[in-house]
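Protein chains in written order, with this note's numbering: chain A, 1 to 216; chain B, 1001 to 1596.
Quick reminder that beta carbons are idealized off the backbone N, C-alpha and C, glycines included.
I have placed the structure first, in the form of structure tokens, so that the comments after it can refer back to it.
If you want it as structure tokens, here you go:
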């Protein structure tokens, strides 16, 4: 059973998230209402995954993010899924900079899409990365403003790139875009050639390459 | 008082007239007429000048002290006559004039002895002067000792020449350290004096110190065994120096008078040229000869005084305290201004009066300007407060939205999600569809709320600063944005400036997306000589309307920070929004660093 920690200062939402996780078969081992409590309880309970609100006491600015970055160094195998009221690609980048393994950043609203939210929690716990589609759109949009190689991608290739950046597997991409897995593979190879990225069979490493490219 | 002064003057004249022939007859000097004439001149000039000063400044004791020196001088003269009674009396008090002179010098110009040191020195001087003359008298046969046809000493008990001579040397021995102490006190006084004080002190202290020194020397040589020519030379010099003291006093008065006449002329000329903001003060300082002069203008609406820039000034509570004196200038009973100056100038009230009278009109003018500046400062201040309050209110609203409505709606969204999952699991498709629609509706509402809150105050701006927030804006723009420069001062800018600059870019990019039909936009931020320059440009159709509510609000927002917003939007070749906002000194305005 996966052990989870929920850090969120609004009590109703905190309980709601804990409920969703419990229902999905995870064990919620601890709850935290601020950043200090988060740090203390991760150290005490050693969860596999922490769902963390960015804006929490004590300063109500980016305390959750800073705590998460501190935890990355201390517990490299802890999966951290940040929840944010706003789409701040800057915050997502700061989290990824501290390590892409088991890191996720989602808009808070996404917790309502229960199935997809639970899927994200599992992916992060397993060491994968998850980015909110809106954050990916901003990152891709930012790169697209340069007249760089991103502009040479076809629309379909861009869709595939975005889904890869969100942390989806080839199978998930194929399902989302109603394509065969083989077609997805072909698009990915084309993307890597156009962006001049090293071809790699491993999905996780490919995601990292794409993220690195988008953040550069 | 006048009658009393005249009486005193008449007494002095009478004493002199009666005493002169007697003295001249005493046969003690080679040139009796000349010595007596000089002696008379000394006594009369002290009494005359003293009475004059007394009359003009009744509450200043210097006049009385000078008069006393004159009389003590006559008393000392009495010691030289043949009448035994007068001789004894005069001989006993022969040193008194000297003590009074020292008293007057140390008390000059206020007439008061300030400080224990001075009071003690004066007291000791009196004691030494009187006791020193008195103690030898029981043993001194003046007639025999001084080899003259003098009167006998009535206090003579037993003639003992050696003892008398020894006792006569006593005041001399004590007098030297006393004289040194006086010199030290006067030197200290001079060192501590401000230029206007020195102007008043110089003649009297100079002549006085000379007279005291020479009189001391005269005592020494007349009792000692100095050769006759030396003794008589010292006598002449001492007499001349004594005459010089009242003369110097008159000179000092005349100097301040001349000084007044000389001061007002250039002041009037300087005022006619129309002195600028701070120059009126400089002109007054020059006219009064006091570099420390402060001019304070009365601001009725504040009920207080301020300098020419409108900054409040507190007047010294009372004239003379802390070395500062105040003269308030009124017109038709209403205060206009006050001049704060060195206490020494209080000794020259006529100068202050004539200078302030000459400057009254200019002061009234400057007062109006100062009042205007103060009012502008008030308005700027309250405008800054409004800007800050608005800023704080926006932050508060954003925080309330975040902690309140947004959290509740997200929780609701979660519950709807759970309900939908449940309905789907139960195979209740119509309910599931309804719940799915509700979710979609709520997602829309959440997205709108998010935009609203972000528009109120972006949290990212607070946590990461202007450059990061501007980059984030560029990433969000539907029209591709090129960042030409984002060069800001190293330290974070004040909140209102960051906000204003942020919203210039935000509103600019919103307009680009909405109206410009542009294929690309450019943003640029840099600073130049303490001004932050913020620019949003596009290659669209142009023709932007600066009167539109968005740009108008932006213009007001920038203007509230003393900045300017310019919109260049010729039809067909794009739009450029350019804002310039002055930066505080803390952000490199002082060093004039440039990044544009």
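If we ignore side chains and look at the alpha-carbon of each, how far apart do residue i and residue j end up?
i, j, result
"residue 1046(B)", "residue 1376(B)", "59 Å"
"residue 1307(B)", "residue 1279(B)", "12 Å"
"residue 1207(B)", "residue 1072(B)", "19 Å"
"residue 1098(B)", "residue 1183(B)", "14 Å"
"residue 1242(B)", "residue 1075(B)", "15 Å"
"residue 1235(B)", "residue 1041(B)", "15 Å"
"residue 1457(B)", "residue 1450(B)", "11 Å"
"residue 1085(B)", "residue 1154(B)", "7 Å"
"residue 40(A)", "residue 22(A)", "22 Å"
"residue 84(A)", "residue 55(A)", "7 Å"
"residue 1032(B)", "residue 1065(B)", "28 Å"
"residue 1239(B)", "residue 1189(B)", "26 Å"
"residue 59(A)", "residue 154(A)", "44 Å"
"residue 62(A)", "residue 52(A)", "11 Å"
"residue 176(A)", "residue 1487(B)", "42 Å"
"residue 8(A)", "residue 33(A)", "5 Å"
"residue 167(A)", "residue 123(A)", "8 Å"
"residue 1094(B)", "residue 1171(B)", "12 Å"
"residue 78(A)", "residue 72(A)", "7 Å"
"residue 1506(B)", "residue 1514(B)", "12 Å"
"residue 1232(B)", "residue 1214(B)", "12 Å"
"residue 1356(B)", "residue 1250(B)", "25 Å"
"residue 1082(B)", "residue 1036(B)", "15 Å"
"residue 1435(B)", "residue 1445(B)", "15 Å"
"residue 1415(B)", "residue 112(A)", "7 Å"
My guess is that residue i and residue j are in contact by the Cβ rule of under 8 Å, so how many angstroms apart are they, rounded?
i, j, result
"residue 1548(B)", "residue 1569(B)", "Actually they are not in contact, since the Cβ atoms of residue 1548(B) and residue 1569(B) sit about 11 Å apart, beyond 8 Å."
"residue 1558(B)", "residue 1585(B)", "Wrong, their Cβ atoms sit about 20 Å apart, outside the cutoff."
"residue 1387(B)", "residue 90(A)", "Going by Cβ atoms, the distance from residue 1387(B) to residue 90(A) rounds to 26 Å, so no, they are not a contact pair."
"residue 4(A)", "residue 26(A)", "5 Å"
"residue 28(A)", "residue 18(A)", "5 Å"
"residue 1521(B)", "residue 1536(B)", "7 Å"
"residue 65(A)", "residue 95(A)", "7 Å"
"residue 1012(B)", "residue 1061(B)", "Rounded, the Cβ-Cβ distance is 18 Å, inconsistent with contact."
"residue 217(A)", "residue 102(A)", "Shown here, chain A extends from 1 to 216; a query on residue 217(A) therefore has no answer."
"residue 190(A)", "residue 181(A)", "About 15 Å; that fails the 8 Å criterion."
"residue 1105(B)", "residue 1205(B)", "7 Å"
With DSSP as the reference, label residue i as helix, strand or coil.
i, result
"residue 1327(B)", "strand"
"residue 94(A)", "helix"
"residue 1566(B)", "strand"
"residue 1573(B)", "coil"
"residue 1306(B)", "strand"
"residue 196(A)", "coil"
"residue 1534(B)", "strand"
"residue 1266(B)", "helix"
"residue 1130(B)", "helix"
"residue 1237(B)", "helix"
"residue 131(A)", "strand"
"residue 1457(B)", "coil"
"residue 1332(B)", "coil"
"residue 1527(B)", "strand"
"residue 1297(B)", "strand"
"residue 1084(B)", "helix"
Leaving out five residues before and five after residue i in sequence, what residues of the same chain have Cβ atoms less than 6 Å from its Cβ?
i, result
"residue 1401(B)", "1453"
"residue 1126(B)", "1099"
"residue 1217(B)", "1234"
"residue 1271(B)", "1362"
"residue 1546(B)", "1567"
Please go through the same chain and pick out, in chain order, the residues whose beta-carbon is closer than 7 Å to the beta-carbon of residue i, but skip the five residues on each side of it.
i, result
"residue 1008(B)", "1051, 1067"
"residue 134(A)", "87, 107"
"residue 1315(B)", "1296, 1305, 1326, 1338, 1340"
Tell me whether residue i, by its Cβ, gets closer than 8 Å to a heavy atom of the ligand FMN.
i, result
"residue 1064(B)", "Here there are no bound small molecules, and the ligand FMN is not part of this structure."
Within the segment 1349-1421 of chain B, ranges of the alpha helix (DSSP H) (whole runs, at least 4 residues):
Counting whole runs of 4 or more residues, the segment 1349-1421 of chain B contains the alpha helix (DSSP H) stretches 1349-1401.
At what residue ranges does the segment 43-82 of chain A contain a whole run of the beta strand (DSSP E), taking only runs of 3 or more?
49-53
Give the list of continuous alpha helix (DSSP H) stretches no shorter than 4 residues that lie fully inside the segment 92-129 of chain A.
114-125
Uninterrupted alpha helix (DSSP H) stretches inside the segment 1433-1497 of chain B (no shorter than 4 residues):
Taking 4 residues as the minimum length, the alpha helix (DSSP H) runs contained wholly in the segment 1433-1497 of chain B are 1459-1476, in order along the chain.
Report the residue ranges of all alpha helix (DSSP H) runs contained in full by the segment 150-195 of chain A; include only those spanning at least 4 residues, in chain order.
155-166, 170-176, 181-194
Where the segment 74-86 of chain A meets chain C: residues whose CB sits under 8 Å from a CB there
The chain inventory of the structure shown lacks chain C, comprising the protein chains A and B.
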